[in-house]
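The numbering of the sequence shown is the working numbering, which starts it at 134 and goes up by one. Contents: one structure, followed by commentary.
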Amino acid sequence: EQRTDEVKAELQRIGAQIKETQGMEGSQNMDVQRSMSSIKAFARNKDLPSATAVFDRLKLSGVSMRPQLYNCYLDACVQCGSTSACLKLFEEMKQMGYVDVVSYNTLLKAYLTSNRMEEARALVKEMSARGLPANKVTYNELLNAKVASRDRQGMWAIVDEMLAAGLKVNLITCSI
134 EQRTDEVKAE
144 LQRIGAQIKE
154 TQGMEGSQNM
164 DVQRSMSSIK
174 AFARNKDLPS
184 ATAVFDRLKL
194 SGVSMRPQLY
204 NCYLDACVQC
214 GSTSACLKLF
224 EEMKQMGYVD
234 VVSYNTLLKA
244 YLTSNRMEEA
254 RALVKEMSAR
264 GLPANKVTYN
274 ELLNAKVASR
284 DRQGMWAIVD
294 EMLAAGLKVN
304 LITCSI
């Protein structure tokens with residue numbers, strides 16, 4: 134119950150701040166940043182309903198919703214283990230033209246943590262077909278999944294794909 138009161142207080146604070154600053158773009162950016170911080174904090178605590186409440190309140194407030202904010206909430210869905218919420222939001226983002234490499238990599242992480250490798254690979258192909266080339270983060274996520282599943286042959290295949298795409302192995306790749 135105390136947590137519910139804290140969430141309500143935080144939502145009221147954010148809502149009041151947004152209303153006070155509507156029309157002032159600089160202040161709106163601060164409110165968006167505060168809201169993103171709140172979403173991230175709720176995600177760390179695996180509290181998707183509270184993160185959703187902050188996101189929904191922000192959408193209703195009339196502030197300019199940017200892809201960065203959608204990506205923040207998408208990551209909260211991943212951290213909270215809600216692949217269904219990720220997929221729903223990702224489709225909404227595609228319709229609005231908000232998907233970018235970060236969005237794809239975030240959804241990729243959701244698939245990989247759910248051991249949905251075929252869907253992850255299809256997502257990477259879709260990403261490329263949309264003109265968004267896979268980056269080091271993409272390949273490192275795939276590589277990490279192969280390492281976790283102890284698929285040695287698959288690990289080297291990912292490294293080969295990465296090199297064929299013109300990307301160099303970095304310290305993060307080597308640490309996986």
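For every residue, glycine included, the Cβ atom is placed at its ideal position computed from N, Cα and C.
Practice problem: Return the CA-CA distance between Leu275 and Val292, expressed in angstroms with no decimal places. | Solution: Translated into positions along the sequence shown, residue 275 becomes position 142. Translated into positions along the sequence shown, residue 292 becomes position 159. Val292 has its alpha-carbon roughly 10 Å from the corresponding atom of Leu275.
Quiz prompt | Neighbourhood of Glu158 by C-beta distance below 7 Å, restricted to the same chain and skipping five residues each side | solution = For the purposes of this step, residue 158 is taken as residue 25 along the sequence shown, with counting starting at 1. Here the model assigns Glu158 a pLDDT of 49, short of 50, so the residue's position is not dependable, and the following value carries that caveat. If the five residues before and after Glu158 are omitted, its C-beta is found closer than 7 Å to no C-beta atom of its own chain.
Quiz item: With DSSP run on the structure shown, which of helix, strand or coil describes Arg192?
Solution: By 1-based counting over the sequence shown, the position of residue 192 is 59. Checking the sequence, you will find Lys at residue 192 rather than Arg. Of the three classes helix, strand and coil, the one that applies to Lys192 here is helix, per DSSP.
Exercise. Return the chain-ordered list of same chain residues with a C-beta closer than 6 Å to the C-beta of Phe175, the five sequence neighbours on each side being excluded.
Key: The sequence position of residue 175 within the sequence shown is 42, counting from 1. So the list reads Ser183 and Ala184, once near-sequence residues are dropped.
Self-check item: Rounded C-alpha distance that separates Arg285 from Glu224
Solution: Taking the first residue of the sequence shown as 1, we reach residue 285 at position 152. Taking the first residue of the sequence shown as 1, we reach residue 224 at position 91. Straight-line Cα distance between these residues: approximately 33 Å.
Self-check item: Counted within 10 angstroms of its Cβ, other Cβ atoms place Ala297 as buried (16 or more) or exposed
Solution: In the sequence shown, residue 297 corresponds to position 164, counting from 1. Burial call: exposed.
Quiz item: What three-state label does DSSP hand Leu240 in the structure shown?
Solution: Position 107 of the sequence shown, counting from 1, holds the residue named residue 240. DSSP places Leu240 in helix when its eight states are reduced to three.
Quiz item: Ala209: buried (16+ other C-beta within 10 angstroms of its C-beta) or exposed?
Solution: Here residue 209 refers to the residue found at position 76 when the sequence shown is read from its first residue. Residue environment analysis places Ala209 among the buried positions, since at least 16 neighbouring C-beta atoms fall within 10 angstroms of its C-beta.
Exercise. Check whether the Cβ atoms of Met250 and Lys269 sit closer than 9 Å, and answer yes or no.
Key: The count along the sequence shown starts at 1 and reaches residue 250 at position 117. The count along the sequence shown starts at 1 and reaches residue 269 at position 136. Going by C-beta atoms, Met250 is not nearer than 9 Å to Lys269.
Quiz item: If you pair each beta-carbon of the stretch 252-259 with each one of the stretch 224-235, do three or more pairs fall below 8 Å?
Solution: Touching, no.
Quiz item: So, Tyr231 versus Tyr206, is the Cβ gap smaller than 9 Å?
Solution: The sequence position of residue 231 within the sequence shown is 98, counting from 1. The sequence position of residue 206 within the sequence shown is 73, counting from 1. Taking C-beta atoms as the reference points, Tyr231 and Tyr206 fail to come closer than 9 Å.
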